[in-house]
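Undergrad: Residue numbers are given in the working numbering: position 130 of the sequence shown equals residue 130, and the series is strictly consecutive.
Supplied in C-alpha coordinates, the structure appears directly below.
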Amino acid sequence: MASPIKVLVVSPTGKTGSSVVEGLLNSSTNFEVTALTRESSLENPTLKPFKERGVKIVTADLNGPKDVLVKLLTGIDVVVSCIFWRNLKDQIPLAEAAKEAGVKRFVPSSFQTPAPRGVMQLVDWKDDVLAAIQRVHLPWTVIDVGWWSNQVIPPLPSGRTDKFVVPFFKSKPADGNVRMALTALQDVGNHVARVIADPRTLNRKVLVYTEAMTLNEAADLLDEVSGEKSIRSYLPAEEITEAIISAAEAFGKDPNDMNATLALFLNQYQNSWGVRGDNDPKNAVTLGYLDFNELCPDITGIKLRDIYESILDDTKESLGISWE
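Okay, here's the thing in C-alpha coordinates:
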(Lines of atoms letter the chains of each structure in order from A and count residues from 1; the text may use other names and numbers.)
(Lines give C-alpha, C1' and ligand atoms only; values in the text may rest on other atoms or scores of the structure.)
Protein backbone atom coordinates (compact mmCIF):
# COMPACT_ATOMS: atom_id res chain seq x y z
CA MET A 1 0.00 0.00 0.00
CA ALA A 2 1.25 3.49 -0.87
CA SER A 3 2.22 5.77 2.00
CA PRO A 4 -0.72 7.87 3.17
CA ILE A 5 -1.10 11.49 2.14
CA LYS A 6 -0.95 13.37 5.43
CA VAL A 7 -3.59 16.10 5.47
CA LEU A 8 -4.18 18.79 8.09
CA VAL A 9 -7.70 20.26 8.02
CA VAL A 10 -7.98 23.68 9.65
CA SER A 11 -11.36 24.51 11.25
CA PRO A 12 -12.96 21.06 10.97
CA THR A 13 -16.15 21.79 12.91
CA GLY A 14 -17.98 24.10 10.49
CA LYS A 15 -20.21 22.96 7.63
CA THR A 16 -17.40 23.01 5.07
CA GLY A 17 -14.69 21.73 7.40
CA SER A 18 -16.71 18.74 8.58
CA SER A 19 -17.61 17.88 4.97
CA VAL A 20 -13.92 17.97 4.05
CA VAL A 21 -12.94 15.66 6.91
CA GLU A 22 -15.75 13.24 5.97
CA GLY A 23 -14.68 13.29 2.33
CA LEU A 24 -11.08 12.50 3.19
CA LEU A 25 -12.07 9.66 5.53
CA ASN A 26 -14.42 8.15 2.95
CA SER A 27 -12.00 8.47 0.04
CA SER A 28 -10.45 5.50 -1.74
CA THR A 29 -7.17 7.43 -1.55
CA ASN A 30 -5.13 6.67 1.56
CA PHE A 31 -5.32 9.86 3.64
CA GLU A 32 -4.04 10.31 7.18
CA VAL A 33 -6.13 13.12 8.64
CA THR A 34 -5.25 15.60 11.37
CA ALA A 35 -7.76 18.27 12.41
CA LEU A 36 -6.59 21.62 13.76
CA THR A 37 -9.06 23.46 15.93
CA ARG A 38 -9.10 26.16 18.57
CA GLU A 39 -8.68 25.16 22.21
CA SER A 40 -12.21 26.44 22.85
CA SER A 41 -13.64 24.04 20.24
CA LEU A 42 -12.14 20.84 21.65
CA GLU A 43 -15.46 19.77 23.15
CA ASN A 44 -17.42 20.42 19.95
CA PRO A 45 -19.54 17.29 19.36
CA THR A 46 -18.58 17.31 15.67
CA LEU A 47 -15.09 16.13 16.64
CA LYS A 48 -16.17 13.01 18.55
CA PRO A 49 -16.99 10.81 15.52
CA PHE A 50 -13.84 12.03 13.80
CA LYS A 51 -11.73 10.94 16.78
CA GLU A 52 -13.45 7.56 16.74
CA ARG A 53 -12.44 7.15 13.09
CA GLY A 54 -8.79 7.85 13.80
CA VAL A 55 -8.52 11.58 13.17
CA LYS A 56 -5.84 13.22 15.30
CA ILE A 57 -7.12 16.42 16.92
CA VAL A 58 -4.61 19.21 17.60
CA THR A 59 -4.92 22.80 18.77
CA ALA A 60 -2.89 25.89 17.99
CA ASP A 61 -3.08 29.67 17.89
CA LEU A 62 -2.52 30.66 14.26
CA ASN A 63 -1.20 34.00 15.43
CA GLY A 64 1.04 32.43 18.06
CA PRO A 65 4.77 31.62 17.90
CA LYS A 66 5.87 30.55 14.44
CA ASP A 67 8.09 27.75 15.73
CA VAL A 68 5.07 26.08 17.33
CA LEU A 69 3.23 26.10 14.01
CA VAL A 70 6.29 24.83 12.14
CA LYS A 71 6.62 21.92 14.55
CA LEU A 72 2.93 21.08 14.20
CA LEU A 73 3.12 21.20 10.38
CA THR A 74 6.32 19.22 9.99
CA GLY A 75 5.53 15.96 8.20
CA ILE A 76 2.22 17.24 6.82
CA ASP A 77 1.82 16.91 3.05
CA VAL A 78 -1.31 19.00 2.49
CA VAL A 79 -2.99 21.74 4.50
CA VAL A 80 -6.69 22.31 3.75
CA SER A 81 -7.97 25.47 5.41
CA CYS A 82 -11.71 25.83 5.99
CA ILE A 83 -11.30 28.90 8.16
CA PHE A 84 -14.23 31.28 8.70
CA TRP A 85 -14.27 34.37 6.47
CA ARG A 86 -13.71 36.77 9.38
CA ASN A 87 -10.37 35.08 10.07
CA LEU A 88 -9.04 34.72 6.52
CA LYS A 89 -5.85 36.67 7.28
CA ASP A 90 -4.94 34.16 10.00
CA GLN A 91 -3.99 31.85 7.14
CA ILE A 92 -0.99 34.01 6.27
CA PRO A 93 1.19 33.11 9.29
CA LEU A 94 0.02 29.51 8.87
CA ALA A 95 1.19 29.52 5.25
CA GLU A 96 4.54 31.03 6.19
CA ALA A 97 5.03 28.29 8.78
CA ALA A 98 3.89 25.67 6.25
CA LYS A 99 6.58 26.81 3.84
CA GLU A 100 9.24 26.45 6.52
CA ALA A 101 7.87 23.03 7.54
CA GLY A 102 8.04 21.68 3.99
CA VAL A 103 4.30 21.33 3.32
CA LYS A 104 3.77 20.24 -0.29
CA ARG A 105 0.39 21.84 -0.96
CA PHE A 106 -1.63 24.55 0.79
CA VAL A 107 -5.35 24.83 0.05
CA PRO A 108 -6.61 28.20 1.36
CA SER A 109 -10.22 28.62 2.40
CA SER A 110 -12.38 29.21 -0.68
CA PHE A 111 -14.93 26.50 -1.61
CA GLN A 112 -17.33 28.99 -3.18
CA THR A 113 -18.29 30.33 -6.61
CA PRO A 114 -15.57 31.68 -8.93
CA ALA A 115 -15.30 35.40 -9.64
CA PRO A 116 -12.66 37.84 -10.89
CA ARG A 117 -11.24 40.54 -8.65
CA GLY A 118 -13.42 43.59 -8.20
CA VAL A 119 -16.74 41.74 -8.27
CA MET A 120 -16.96 40.24 -4.78
CA GLN A 121 -15.28 41.63 -1.66
CA LEU A 122 -14.99 38.13 -0.24
CA VAL A 123 -13.14 36.88 -3.32
CA ASP A 124 -10.78 39.86 -3.20
CA TRP A 125 -9.89 39.06 0.41
CA LYS A 126 -9.28 35.42 -0.48
CA ASP A 127 -7.11 36.46 -3.42
CA ASP A 128 -5.07 38.61 -1.04
CA VAL A 129 -4.38 35.48 1.02
CA LEU A 130 -3.41 33.57 -2.12
CA ALA A 131 -0.97 36.33 -3.04
CA ALA A 132 0.67 35.98 0.39
CA ILE A 133 0.98 32.22 -0.16
CA GLN A 134 2.55 32.79 -3.57
CA ARG A 135 5.01 35.34 -2.19
CA VAL A 136 6.65 32.65 -0.08
CA HIS A 137 6.64 30.20 -3.03
CA LEU A 138 4.45 27.70 -1.20
CA PRO A 139 2.72 25.25 -3.58
CA TRP A 140 -1.02 25.83 -3.52
CA THR A 141 -4.41 24.87 -4.92
CA VAL A 142 -7.57 26.98 -4.76
CA ILE A 143 -10.68 24.80 -4.82
CA ASP A 144 -14.08 26.24 -5.66
CA VAL A 145 -17.18 24.06 -5.78
CA GLY A 146 -19.84 26.37 -7.19
CA TRP A 147 -23.04 27.17 -5.32
CA TRP A 148 -24.44 24.76 -2.74
CA SER A 149 -27.30 22.93 -4.46
CA ASN A 150 -28.92 22.62 -1.01
CA GLN A 151 -29.61 26.37 -1.33
CA VAL A 152 -31.43 26.07 -4.67
CA ILE A 153 -34.83 25.21 -3.19
CA PRO A 154 -37.77 27.18 -4.63
CA PRO A 155 -40.95 27.62 -2.56
CA LEU A 156 -44.05 25.56 -3.41
CA PRO A 157 -47.70 26.61 -2.98
CA SER A 158 -48.16 23.72 -0.52
CA GLY A 159 -45.27 24.96 1.63
CA ARG A 160 -43.60 21.54 1.54
CA THR A 161 -40.17 23.07 0.86
CA ASP A 162 -40.52 26.12 3.11
CA LYS A 163 -38.02 25.17 5.82
CA PHE A 164 -35.36 24.51 3.17
CA VAL A 165 -35.84 27.79 1.29
CA VAL A 166 -33.10 30.37 1.90
CA PRO A 167 -35.11 33.57 2.50
CA PHE A 168 -32.60 35.88 0.80
CA PHE A 169 -32.52 33.75 -2.35
CA LYS A 170 -36.26 33.24 -2.85
CA SER A 171 -36.14 35.45 -5.94
CA LYS A 172 -34.06 34.51 -8.96
CA PRO A 173 -31.51 37.13 -10.09
CA ALA A 174 -32.23 38.72 -13.48
CA ASP A 175 -34.12 36.30 -15.75
CA GLY A 176 -33.04 33.06 -14.03
CA ASN A 177 -31.39 31.77 -17.19
CA VAL A 178 -27.73 32.01 -16.13
CA ARG A 179 -26.03 28.61 -15.92
CA MET A 180 -24.29 27.83 -12.64
CA ALA A 181 -22.11 25.07 -11.16
CA LEU A 182 -23.72 23.25 -8.22
CA THR A 183 -22.43 20.98 -5.47
CA ALA A 184 -24.30 19.63 -2.45
CA LEU A 185 -22.65 20.52 0.85
CA GLN A 186 -22.34 16.80 1.62
CA ASP A 187 -20.12 16.35 -1.47
CA VAL A 188 -17.69 19.23 -0.92
CA GLY A 189 -15.27 16.97 0.93
CA ASN A 190 -15.54 14.20 -1.65
CA HIS A 191 -14.60 16.63 -4.39
CA VAL A 192 -11.74 18.10 -2.33
CA ALA A 193 -10.31 14.61 -1.79
CA ARG A 194 -10.26 14.01 -5.54
CA VAL A 195 -8.61 17.35 -6.30
CA ILE A 196 -5.77 17.20 -3.76
CA ALA A 197 -4.85 13.66 -4.81
CA ASP A 198 -4.36 14.78 -8.42
CA PRO A 199 -0.92 16.27 -9.26
CA ARG A 200 -2.42 18.17 -12.21
CA THR A 201 -4.16 20.55 -9.82
CA LEU A 202 -1.01 21.86 -8.12
CA ASN A 203 -0.64 25.65 -8.36
CA ARG A 204 -4.01 25.98 -10.08
CA LYS A 205 -7.41 27.42 -9.33
CA VAL A 206 -9.82 24.52 -9.70
CA LEU A 207 -13.58 24.42 -10.18
CA VAL A 208 -15.08 21.05 -9.30
CA TYR A 209 -18.85 20.50 -9.19
CA THR A 210 -21.57 17.87 -9.44
CA GLU A 211 -23.80 19.42 -12.09
CA ALA A 212 -24.61 22.73 -13.79
CA MET A 213 -27.97 24.27 -14.65
CA THR A 214 -29.95 27.52 -14.55
CA LEU A 215 -32.30 28.48 -11.73
CA ASN A 216 -35.25 28.21 -14.10
CA GLU A 217 -34.17 24.68 -14.98
CA ALA A 218 -33.97 23.93 -11.25
CA ALA A 219 -37.52 25.24 -10.79
CA ASP A 220 -38.70 23.11 -13.73
CA LEU A 221 -37.12 20.09 -12.06
CA LEU A 222 -38.89 20.79 -8.76
CA ASP A 223 -42.18 21.16 -10.66
CA GLU A 224 -41.62 17.72 -12.17
CA VAL A 225 -40.68 16.05 -8.89
CA SER A 226 -43.36 17.72 -6.75
CA GLY A 227 -46.28 17.73 -9.17
CA GLU A 228 -46.82 21.39 -8.23
CA LYS A 229 -45.96 24.67 -9.92
CA SER A 230 -43.14 26.28 -7.93
CA ILE A 231 -43.49 29.92 -6.95
CA ARG A 232 -41.23 31.99 -9.21
CA SER A 233 -40.20 35.58 -8.57
CA TYR A 234 -37.36 37.52 -10.13
CA LEU A 235 -35.03 40.27 -8.93
CA PRO A 236 -33.98 42.75 -11.64
CA ALA A 237 -30.24 43.18 -12.12
CA GLU A 238 -30.64 46.92 -11.60
CA GLU A 239 -32.03 46.36 -8.10
CA ILE A 240 -29.11 44.10 -7.24
CA THR A 241 -26.66 46.77 -8.42
CA GLU A 242 -28.42 49.42 -6.33
CA ALA A 243 -28.30 47.15 -3.27
CA ILE A 244 -24.56 46.58 -3.78
CA ILE A 245 -23.89 50.32 -4.03
CA SER A 246 -25.88 51.00 -0.86
CA ALA A 247 -24.25 48.17 1.10
CA ALA A 248 -20.77 49.14 -0.11
CA GLU A 249 -21.32 52.71 1.10
CA ALA A 250 -22.41 51.50 4.54
CA PHE A 251 -19.55 49.00 4.68
CA GLY A 252 -17.07 51.73 3.73
CA LYS A 253 -18.25 53.87 6.64
CA ASP A 254 -18.08 51.00 9.13
CA PRO A 255 -16.41 47.71 8.10
CA ASN A 256 -17.62 46.23 11.40
CA ASP A 257 -21.27 46.80 10.48
CA MET A 258 -22.36 43.17 10.13
CA ASN A 259 -25.66 44.00 8.45
CA ALA A 260 -23.84 46.01 5.79
CA THR A 261 -21.21 43.30 5.37
CA LEU A 262 -23.73 40.51 4.85
CA ALA A 263 -25.85 42.66 2.53
CA LEU A 264 -22.74 43.38 0.46
CA PHE A 265 -21.68 39.73 0.34
CA LEU A 266 -25.11 38.33 -0.53
CA ASN A 267 -25.90 40.87 -3.23
CA GLN A 268 -22.45 40.51 -4.75
CA TYR A 269 -23.00 36.75 -4.86
CA GLN A 270 -26.28 37.26 -6.71
CA ASN A 271 -24.65 39.64 -9.16
CA SER A 272 -21.69 37.33 -9.77
CA TRP A 273 -23.44 34.00 -10.31
CA GLY A 274 -26.94 35.20 -11.15
CA VAL A 275 -26.27 38.11 -13.49
CA ARG A 276 -22.66 37.99 -14.69
CA GLY A 277 -22.44 34.20 -14.92
CA ASP A 278 -19.03 33.87 -13.24
CA ASN A 279 -20.13 30.48 -11.85
CA ASP A 280 -20.84 29.06 -15.30
CA PRO A 281 -18.01 26.53 -15.79
CA LYS A 282 -17.34 27.89 -19.28
CA ASN A 283 -16.85 31.40 -17.90
CA ALA A 284 -14.77 30.15 -14.97
CA VAL A 285 -12.25 28.78 -17.47
CA THR A 286 -11.76 32.32 -18.83
CA LEU A 287 -10.94 33.39 -15.26
CA GLY A 288 -8.06 30.92 -15.24
CA TYR A 289 -9.84 28.02 -13.57
CA LEU A 290 -9.15 24.41 -14.35
CA ASP A 291 -12.46 22.62 -14.97
CA PHE A 292 -11.77 19.47 -12.96
CA ASN A 293 -14.86 17.79 -14.38
CA GLU A 294 -13.28 17.87 -17.82
CA LEU A 295 -10.18 16.16 -16.40
CA CYS A 296 -12.25 13.64 -14.47
CA PRO A 297 -15.68 13.18 -16.11
CA ASP A 298 -16.53 10.42 -13.62
CA ILE A 299 -17.12 13.01 -10.87
CA THR A 300 -20.41 12.13 -9.21
CA GLY A 301 -22.41 13.32 -6.25
CA ILE A 302 -25.81 14.24 -4.90
CA LYS A 303 -27.91 15.75 -7.68
CA LEU A 304 -30.53 18.43 -7.26
CA ARG A 305 -33.15 15.82 -8.14
CA ASP A 306 -31.92 13.71 -5.21
CA ILE A 307 -32.29 16.67 -2.86
CA TYR A 308 -35.80 17.50 -4.07
CA GLU A 309 -36.95 13.89 -3.83
CA SER A 310 -35.55 13.56 -0.30
CA ILE A 311 -37.29 16.74 0.86
CA LEU A 312 -40.66 15.75 -0.59
CA ASP A 313 -40.61 12.09 0.45
CA ASP A 314 -41.15 11.63 4.18
CA THR A 315 -39.73 8.10 3.99
CA LYS A 316 -36.30 9.39 2.93
CA GLU A 317 -33.62 11.14 4.95
CA SER A 318 -33.64 14.79 3.89
CA LEU A 319 -30.61 16.05 2.00
CA GLY A 320 -31.75 19.63 2.42
CA ILE A 321 -30.46 22.17 4.94
CA SER A 322 -33.10 23.64 7.22
CA TRP A 323 -32.88 27.45 7.39
CA GLU A 324 -35.68 27.94 9.91
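By construction, the Cβ of each residue, glycine as well, lies at the ideal position given by its N, Cα and C atoms.
Since this is a predicted model, take the numbers as computed values, not measurements.
(1) Please classify residue 122: does DSSP put it in a helix, a strand, or coil?
(2) Please work out which residues of its chain come closer than 6 Å, Cβ to Cβ, to residue 230, disregarding the five sequence neighbours upstream and downstream, and give them in chain order.
(3) Out of 261, 37, 319 and 7, which has the shortest C-alpha to C-alpha gap to residue 184?
(4) Contact between the segment 239–254 and the segment 130–143: three or more CB pairs below 8 Å?
(5) Over the uninterrupted beta strand (DSSP E) stretch that includes residue 212, give me the two end residues.
(6) Taking residue 51 as the reference, which of 72, 18 and 28 has the closest Cα?
(7) Quick one: give me the first and last residue of the alpha helix (DSSP H) that residue 16 is part of.
(8) How many Å lie between residue 325 and residue 55 at the Cα?
(9) Compare the C-alpha of residue 135 against each of 118, 96 and 160 and name the closest.
(10) For the segment 110–154, which segments carrying the alpha helix (DSSP H) assignment without a break, of at least 4 residues, lie completely within its bounds, in sequence order?
(11) Could you spell out the range, first to last residue, of the beta strand (DSSP E) harbouring residue 291?
(12) Could you check what DSSP says for residue 160 in three-state terms: helix, strand or coil?
(13) Considering only residues of the same chain and omitting the five flanking positions on each side of residue 14, which have a CB-CB separation below 8 Å?
(14) Give the DSSP-derived three-state secondary structure of residue 173 in the structure shown.
(15) Below 6 Å CB to CB, which residues in the same chain sit around residue 124 once its five sequence neighbours on both sides are set aside?
TA: Taking the definition as stated:
(1) Counting from 1 along the sequence shown, the entry for residue 122 is found at position 122. Helix.
(2) Position 230 of the sequence shown holds residue 230. Cβ neighbours of residue 230 beyond the five flanking positions: 154, 156, 219, 222 and 223.
(3) Locating residue 184 in the sequence shown gives position 184, counting from the first residue. For residue 184, the nearest C-alpha among the options comes from 319.
(4) no
(5) Here the question's residue 212 lines up with position 212 in the sequence shown. That run of the beta strand (DSSP E) goes 211–213.
(6) Against the sequence shown, residue 51 aligns to sequence position 51. Closest by alpha carbon: 18.
(7) By 1-based counting over the sequence shown, the position of residue 16 is 16. Here the alpha helix (DSSP H) through residue 16 covers 15–26.
(8) Since the displayed the chain opens at 1 and closes at 324, residue 325 lies outside it and no answer follows.
(9) For the purposes of this step, residue 135 is taken as the residue at position 135 of the sequence shown. The option with the nearest alpha carbon to residue 135 is 96.
(10) 121–135
(11) Taking the sequence shown and counting its residues from 1, the one referred to as residue 291 is at position 291. Unbroken beta strand (DSSP E) run through residue 291: 289–291.
(12) Position 160 of the sequence shown, counted from the start, is the residue given in the question as residue 160. Residue 160: coil per DSSP, three-state reduction.
(13) As a first step, residue 14 is located in the sequence shown; it is residue number 14 there, counting from the start. Closer than 8 Å at Cβ, skipping near neighbours: 82 and 84.
(14) For the purposes of this step, residue 173 is taken as residue 173 along the sequence shown, with counting starting at 1. The answer is strand: DSSP assigns residue 173 an E or B state.
(15) Taking the sequence shown and counting its residues from 1, the one referred to as residue 124 is at position 124. 117.
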